[in-house]
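Chemist: Take this structure first; my questions come after.
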Amino acid sequence: VSGATVHPTAIVDPRAVLEEGVTIGPLTVVHGEARIGARSRIGSHCVIGEGDRERTVIGAGAVIRSHSVIYAGSTFGRDLETGHHAVLRECLDVGRGLRVGTASDLQGSSSIGHFVRIHSNVFVAKRTTIEDFVWIFPKVMIADDPHPPSDACTHGPTIRRAAVIGAAATVLARLDIGRASLVAAAALVTADVPEEAVVRGMPARVTGSTRDVRCRHGALVRPYPWWEQFDRGYPPEVMRTSSGPVYEEDGE
Amino acid sequence: VSGATVHPTAIVDPRAVLEEGVTIGPLTVVHGEARIGARSRIGSHCVIGEGDRERTVIGAGAVIRSHSVIYAGSTFGRDLETGHHAVLRECLDVGRGLRVGTASDLQGSSSIGHFVRIHSNVFVAKRTTIEDFVWIFPKVMIADDPHPPSDACTHGPTIRRAAVIGAAATVLARLDIGRASLVAAAALVTADVPEEAVVRGMPARVTGSTRDVRCRHGALVRPYPWWEQFDRGYPPEVMRTSSGPVYEEDGE
Amino acid sequence: VSGATVHPTAIVDPRAVLEEGVTIGPLTVVHGEARIGARSRIGSHCVIGEGDRERTVIGAGAVIRSHSVIYAGSTFGRDLETGHHAVLRECLDVGRGLRVGTASDLQGSSSIGHFVRIHSNVFVAKRTTIEDFVWIFPKVMIADDPHPPSDACTHGPTIRRAAVIGAAATVLARLDIGRASLVAAAALVTADVPEEAVVRGMPARVTGSTRDVRCRHGALVRPYPWWEQFDRGYPPEVMRTSSGPVYEEDGE
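Residue numbers (this note's numbering), protein chains in the order written: chain A, 1 to 252; chain B, 1001 to 1252; chain C, 2001 to 2252.
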């Protein structure tokens, strides 16, 4: 615990490992299963290492905002960032640079790539696969049960690299959401989505290619592929390719 | 308070009644109006007995996860379980075995039967009736006002025994959702739903009987009636009947 | 800090200004940038003045319920009221009498008028304008990006005086929602809404005037204009006019 700054009202299990430069805010509880990477900042009123499973590993440079709950048994790459009241359950295998917004609820047992951006109040069911550079906007529902309630067939969808799920959309269980596709706001996705397709409505139908989307408002004529006009804090080692950004983690 | 384990940082009103084997987690506040049943486990950062109304009664064996808020003036049967950040308001009359997921918000003044399962981020408006063995999946909205804002006509719907409300569906005020019916994901329910009917879309229409639903994925051919292929921790005294599970509480 | 009642477990920066009669609940953190108006009551487990920006100003008579987070750099008129787990971000300019429900998330940089009522679990994107006497019901999504992800064109909508946004509706970026209009529950609003219009569906279409809405349930025959049959705690200085309630703040 040497080199960490722990607020006197925080409750940190002596078995927890806090690397150099970690700060733990007031009234936060850190259980013994947690290992928190260098320079991470944990806000107030959080719970880190909830549950009694194996170790939680939070990579270096994390920013965890107040009232968030991170379970034991998940592994996060560096630069994790959460909003307030986020809940990240067990058995998540997460790459670098995940951002999860306020009040989002990741149910666990999912695989999440690098630089995934999940906004506020998103629900991600168990056993969902989210590839690198995916964007999920507020209030999205990712489901895992094709005929609830059941156990036999539950499995979350697979959301491919650089796909975009618009606000308040619902994506049903077991689907494949294609690379760089766009699900429009409030759409109900009931079938697989092809690469670079735009889908809209309830149930969602393919209405064209993202490359044909035009902006009515001005600054951008062609908003897609989004990575040609936009990034949000990607480091220089992210490469742009015609099929989307690519990140290869070094051996650190 | 004898026989209870209270974390030294918890703040428990001396008038609160904690039965044998209760545990109260760190940084939790228990107000004087609360009575917490035997062996219940209250997590960290919770508030139990919020408000200044009459007594809260939480039955034996409850599991209340961190950051949840339970108001005074509600009564819960045994085996209540909540996720994190759940809010359960006043004047709820709840049977045995309710589970309420993370960030769900029960507005109060509702009647909830036995073994009801409410997943994450569900909103239940006031004066809703939820019968035994109902399932409500994440992000469901249960409304109470037919022409908002108003007071004169507000009343929540009635959701009949063993009905299933799919994820992100919206159920409008004052409706009757029939026994063992199925509301599909993201549907907007604007009319009563017959027994065992499946409804889908916006506005939702009856598209068939649950008994005609087939599974495309394999393990289960006929997923409904759901109670013929599935339970989730029901105790042996729950009886299966052709119209759904039945539970008669003994006189305890 | 004289004249305030601070729970001994609260953590209040000595630079914070607490006016006469303020109460601060247990386990709440108040940062130095906060100024809290007379007679305000802050519940337990809150964070006031989060972030390191300029001053937060909360007007007199506020009621902030447990686990809420209010950022530095926002200004609230008197009689602010929040539910539990609400998050109010920076650079909000808010009039008198705002009510924000449980788990709602105001992203900041927005202008909110007087007597706005935002229910539970509402998301309001940045740079949204909400005029006086607007009602926003639970689970509404207010978006700001016409082609996500982007920066160039993001801007929240403008919701005009006395408009009503029904539960679980989605309002897209940059739209103009007309005075006293009504967005039906679960509608997806993709175009401007005229004054006093009713819009429904996905995408939402104008289906008539609010003045033609009839109640099927009884007590009220004509529910709209809502201000002719309803108020919720407006003070006597609110004037009713044929175009809706009007409030002129005095020079206090």
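Note that beta-carbon positions come from the ideal geometry of N, C-alpha and C, so glycine has one too.
Computed from a prediction, not measured in an experiment: that's the story for all the values here.
1. Please look up how many angstroms separate the CB atoms of Thr1129/B and Asp1144/B, rounded, as I've assumed it's under 8 Å.
2. Could you compute how far the alpha carbon of Glu2252/C sits from the alpha carbon of His2114/C?
3. In terms of residue numbering, what span does the beta strand (DSSP E) encompassing Glu239/A cover?
4. Below 7 Å on C-beta distance, what does Ala2167/C contact in chain A?
5. What are the residues that DSSP puts in a beta bridge with Phe76/A?
6. For the segment 110-196 of chain A, list the beta strand (DSSP E) runs that are entirely contained and at least 3 residues long, ordered along the chain.
7. Please classify Ala219/A as buried or exposed, where buried requires at least 16 neighbouring CB atoms within 10 angstroms.
8. Under three-state DSSP, which class holds Glu1252/B?
9. With a cut-off of 8 Å, does the C-beta of His1067/B fall near any C-beta of chain A?
10. With a threshold of 8 Å between beta-carbons, can Asp1192/B be considered close to chain C, or not?
11. Mark Ala2191/C as exposed unless 16 or more other C-beta atoms lie within 10 angstroms of its C-beta, in which case mark it buried.
12. Going by C-alpha to C-alpha distance, which of Pro1225/B, Val1063/B, Val1029/B sits closest to Pro149/A?
13. May I ask you to report which of helix, strand or coil DSSP gives Asp2105/C?
14. Look at the alpha carbon of Cys2091/C and the alpha carbon of Gly1073/B, and state the distance between them as a whole number of angstroms.
15. Hey, how far is the Cα of Thr2023/C from the Cα of Ser2044/C?
16. What in chain F is Cβ-close to Ser2120/C, meaning under 9 Å?
17. Using three-state DSSP, classify Pro235/A as helix, strand or coil.
18. Name the DSSP bridge partner or partners of Glu1228/B?
19. From the beta carbon of Arg1240/B, is the nearest beta carbon of chain A less than 8 Å away?
20. Determine the extent of the beta strand (DSSP E) in which Ser2209/C is found, giving its start and end residues.
21. By DSSP's criteria, Thr23/A is part of a beta bridge. Which residues make up the other side?
22. Indicate whether the contact test is met: 3 or more Cβ pairs, each with one atom in the segment 161-169 of chain A and one in the segment 133-141 of chain A, closer than 8 Å.
23. Distance cutoff 8 Å, beta carbons only. Does His31/A sit that close to anything in chain C?
24. Can you name, in chain order, every residue of its own chain whose Cβ lies under 6 Å from the Cβ of Pro2194/C, other than the five neighbours on each side?
25. Which chain C residues sit within Cβ distance under 7 Å of Asp1151/B?
26. Output needed for Phe123/A: all residues of its chain with C-beta closer than 7 Å, excluding positions within five of it in sequence on either side, in chain order.
27. Throw me the rounded Cβ distance for the Leu2019/C and Ile2036/C pair, which I believe falls under 8 Å.
28. Taking the CB atoms as reference points, tell me whether Pro203/A and Leu188/A lie closer together than 8 Å.
29. Return the CA-CA distance between Thr1028/B and Pro1008/B, expressed in angstroms with no decimal places.
30. Does the beta carbon of His217/A come closer than 8 Å to any beta carbon on chain C?
31. Taking buried to mean at least 16 other C-beta atoms within 10 Å of its own C-beta, is Glu248/A buried or exposed?
32. I'd like to know whether the C-beta atoms of Ile1118/B and Val1100/B end up nearer to each other than 8 Å.
33. Report the residue from His1085/B, Arg1053/B, Gly1097/B, Ile1064/B whose alpha carbon sits nearest the alpha carbon of Ile1042/B.
34. With a cut-off of 8 Å on the beta carbons, I'd call Ala1103/B and Ala1086/B a contact; round off their distance for me.
Modeler: This is what the structure gives:
1. About 11 Å; that fails the 8 Å criterion.
2. With a pLDDT of 47 at Glu2252/C, under the threshold of 50, the modelled position of this residue cannot be trusted, and the question is left open.
3. As written in the sequence, residue 239/A is Met, which differs from the Glu given in the question. Note, Met239/A: beta strand (DSSP E), 239-241.
4. Going along chain A, no residue has its Cβ under 7 Å from Ala2167/C, so there is no contact; the nearest lies around 12 Å.
5. Ile58/A, Val94/A
6. none
7. exposed
8. The pLDDT assigned to Glu1252/B is 47, lower than 50, so where the model puts this residue is not dependable; a value taken from the coordinates is nonetheless given after this. Three-state result, Glu1252/B: coil.
9. Answer yes: the Cβ-Cβ gap between His1067/B and chain A drops below 8 Å somewhere.
10. Cβ-Cβ to chain C under 8 Å: no for Asp1192/B.
11. exposed
12. Closest option to Pro149/A, judged by alpha-carbon separation, among Pro1225/B, Val1063/B, Val1029/B: Pro1225/B.
13. Asp2105/C: strand per DSSP, three-state reduction.
14. 38 Å
15. 10 Å
16. Here the protein chains are A, B and C, and chain F is not one of them.
17. coil
18. DSSP, once it has assigned bridges, lists no residue as partnering Glu1228/B.
19. No, no contact with chain A.
20. 2205-2209
21. DSSP output for Thr23/A lists Thr5/A, Arg41/A as bridge partner(s).
22. yes
23. no
24. Gly2178
25. Here the neighbours are Phe2230.
26. Asp105, Met141, Ile142
27. As written in the sequence, residue 2019/C is Glu, which differs from the Leu given in the question. The pair is a contact, with the Cβ atoms about 6 Å apart (cut-off 8 Å).
28. yes
29. The C-alpha of Thr1028/B lies about 10 Å from the C-alpha of Pro1008/B.
30. Contacts with chain C at 8 Å (Cβ-Cβ) include His217/A.
31. exposed
32. yes
33. Among His1085/B, Arg1053/B, Gly1097/B, Ile1064/B, the Cα nearest to that of Ile1042/B is on Ile1064/B.
34. 7 Å
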